[in-house]
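Peer 1: With the first letter of the sequence shown counted as 1, position 16 gets the number 48 in this note's numbering; the numbers rise by one all the way through.
Each residue gets a CB set at the ideal place from its N, CA and C atoms; glycine is no exception.
Here it is, the structure in full.
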Amino acid sequence: MINKTILLMINYFSKYKFIFYLCNFILIILYLFPGSLLGCYFYNDCKIQPQITENFIISTNHLYAYIVLSVIGFLTFRKNNQFNILSIYLIFLSIILEVLQYFVPNRSFEFSDLFGNLTGVILAIILFYFFKRNENFKN
33 MINKTILLMI NYFSKYKFIF YLCNFILIIL YLFPGSLLGC YFYNDCKIQP
83 QITENFIIST NHLYAYIVLS VIGFLTFRKN NQFNILSIYL IFLSIILEVL
133 QYFVPNRSFE FSDLFGNLTG VILAIILFYF FKRNENFKN
């Protein structure tokens with residue numbers, strides 16, 4: 033049942049790659065907007081950042097965002113060479129966007145955010161590495 037569901041998702045995301053590109057675009061806008069677009073929308077205050085769950089050592093909002101982005105990416109680009117390139121892209125994207133926040137007004141670079149970004153990407157890489165080892169998850 034799970035393998036069938038995963039195969040369905042792979043077929044869907046492989047056809048509609050624009051979903052991954054749209055998620056990238058939205059993430060970049062959310063990261064580089066001076067203030068919080070979500071805070072503006074939900075609280076009418078661009079200085080308040082909505083929090084999904086409490087932060088632990090890492091920023092959980094960033095962890096969730098990068099897990100979702102990475103999973104969509106790995107479902108979209110599933111060939112071995114694409115997997116490696118996408119892994120490198122997601123790691124660099126998470127670092128670069130966090131560093132750029134240092135230069136954006138009303139935003140700041142935080143190590144907990146960076147570790148949340150990287151943890152989300154690494155968890156998705158590990159998850160898909162094990163799926164790729166499964167014979168039902170072939171290219």
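#1: With contact counted as at least three CB pairs below 8 Å, one residue from each stretch, are the stretch 109 to 128 and the stretch 72 to 90 in contact?
#2: When you compare the CB positions of Ile80 and Ser68, do they come within less than 8 Å of one another, or not?
#3: So the alpha helix (DSSP H) Phe124 belongs to, where does it begin and stop?
#4: Between the alpha carbons of Ile104 and Ser140, how many angstroms are there, rounded?
#5: So Thr151 and Leu95 are in contact, right, with Cβ under 8 Å, and what is the actual spacing, rounded?
#6: Assign Ser102 to buried or exposed, taking buried as 16 or more other Cβ atoms, counted over all protein chains shown, within 10 Å of its Cβ.
#7: Can you give me the C-alpha to C-alpha distance between Ser46 and Tyr161, rounded to a whole angstrom?
#8: In its own chain, which residues sit with a C-beta less than 8 Å from the C-beta of Ile84, not counting the 5 before and 5 after it?
#9: Quick one, which of Tyr48, Leu122 and Pro82 has its alpha-carbon nearest Ile99's?
#10: Identify, in the order they occur along the chain, each residue of the same chain with its Cβ nearer than 7 Å to the Cβ of Lys49, setting aside the five sequence neighbours on each side.
#11: Determine the DSSP secondary structure at Tyr98, reduced to helix, strand or coil.
Peer 2: In terms of the structure at hand:
#1: Judged by Cβ distances under 8 Å, the stretch 109 to 128 makes no contact with the stretch 72 to 90, as fewer than three pairs qualify.
#2: Position 48 of the sequence shown, counted from the start, is the residue given in the question as residue 80. Position 36 of the sequence shown, counted from the start, is the residue given in the question as residue 68. Contact flag set, yes.
#3: Here residue 124 corresponds to residue number 92 of the sequence shown, with the count starting at 1. In the DSSP assignment, Phe124 falls within the alpha helix (DSSP H) that extends over Asn112 to Leu132.
#4: In the sequence shown, the residue the question calls residue 104 occupies position 72. In the sequence shown, the residue the question calls residue 140 occupies position 108. Between the alpha carbons of Ile104 and Ser140 lies a gap of roughly 27 Å.
#5: Mapped onto the sequence shown, residue 151 falls at position 119. Mapped onto the sequence shown, residue 95 falls at position 63. The Cβ separation is near 6 Å, so the contact holds.
#6: Along the sequence shown, one-based indexing puts residue 102 at 70. By the beta-carbon neighbour count (other beta carbons within 10 angstroms, threshold 16), Ser102 is buried.
#7: By one-based count along the sequence shown, residue 46 stands at place 14. By one-based count along the sequence shown, residue 161 stands at place 129. If you take the alpha carbons of Ser46 and Tyr161, they lie about 18 Å apart.
#8: Taking the sequence shown and counting its residues from 1, one reaches residue 84 at position 52. Closer than 8 Å at Cβ, skipping near neighbours: Thr92, Asn93 and Tyr96.
#9: The sequence position of residue 99 within the sequence shown is 67, counting from 1. Taking Ile99 as reference, the option from Tyr48, Leu122 and Pro82 with the minimal CA-CA separation is Leu122.
#10: Walking along the sequence shown from the start, residue 49 turns up at place 17. Contacts found: Thr108.
#11: Position 66 of the sequence shown, counted from the first residue, corresponds to residue 98. In the structure shown, the three-state DSSP call for Tyr98 is helix.
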